[in-house]
Amino acid sequence: MQFSFFALATLFAGVAVATPVDLSSSLVARDNCTTYSSVSSGTVCYHTPSDCSATYLVQSGDTCQSIAAIYNNFTLSQFYYWNPDIGQTCFGLRAFVPICIATPWYTFVPPVQAAVGTVESADKIPVPVMPSITANCTTFELAGNGLRVDAIVAQNGITMDQFLEWNAYIDKTNPFAWDGYWVCVGA
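Numbering (mature numbering (1 follows the signal peptide of the UniProt record, and there is no 0)), first residue to last: -18 to -1, 1 to 169.
Now the structure itself:
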């Protein structure tokens, strides 16, 4: 792609003369943009870290989550940081275009997640919590696959009405908690 910019180069006999300046090599090299062209993706420009040490050629059907799961050694936040043109919603991911999946300065430390059913007090507020929980929650429990809301209620000696009051986001007619989120079980 050829970029041109007209710069005021000289004044000749009182008349400004515009001269073309080629920006295709000077600007593109400085902003670390790599241009890729393919039939399926068209021409795209991806910015990646200058020290990207490993790339992955995106395949048809890949998502940001599936790529992170393949390697399981970086977080989605890190992936988006390395590949800002993809965007937080993964809208810029294009098939058959290489993306950065590693840099030498990043070491993955996997998050430590408690087991499903773990109960924590409010002095150690866990994350993530279900949206719209009560502000005066004193006890949290980690909801997860296979742990039904009625079981959470029974295990904690509370009523379903209390649980639904403390966890306002949960549907009252079909109550379920999100897998991997902490719910309020005491207030």
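Just so it is clear, CB atoms sit at the ideal spot from N, CA and C, and this is done for glycine as well.
Integer Cβ distance of residue i from residue j, believed to fall under 8 Å
i	j	result
Leu129	Thr100	Actually they are not in contact, since the Cβ atoms of Leu129 and Thr100 sit about 11 Å apart, beyond 8 Å.
Val109	Asn138	Contact doesn't hold; Cβ gap of about 20 Å is too wide.
Reduced DSSP category for residue i - H, G, I as helix; E, B as strand; rest coil
i	result
Ser59	helix
Pro66	helix
residue 173	Outside the shown range of the chain, which is -18 to 169, sits residue 173, and nothing can be said about it.
Leu9	With a pLDDT of only 35 at Leu9, under the threshold of 50, the placement of this residue in the model should not be trusted, and no figure is reported.
Trp164	strand
Straight-line Cα distance separating residue j from residue i
i	j	result
Asp146	Ala97	What sits at residue 146 in the sequence shown is Leu, not Asp. One C-alpha to the other measures close to 23 Å.
Asp132	Met112	17 Å
Thr120	Gln60	33 Å
Tyr151	Ile134	16 Å
Sub-7 Å separation of residue i and residue j beta-carbons
i	j	result
Ile83	Leu75	no
Phe122	Trp148	no
Asn127	Asp161	yes
Ala77	Ser42	yes
Thr37	Pro80	yes
residue 175	Cys46	Residue 175 falls outside the range modelled here, since the chain spans only -18 to 169, and no answer is possible.
Ala50	Leu39	no
Nearest candidate by alpha-carbon position, reference residue i, set the options
i	options	result
Trp64	Asp33, Tyr53 and Ile52	Asp33
Trp87	Pro31, Asp44 and Gln95	Pro31
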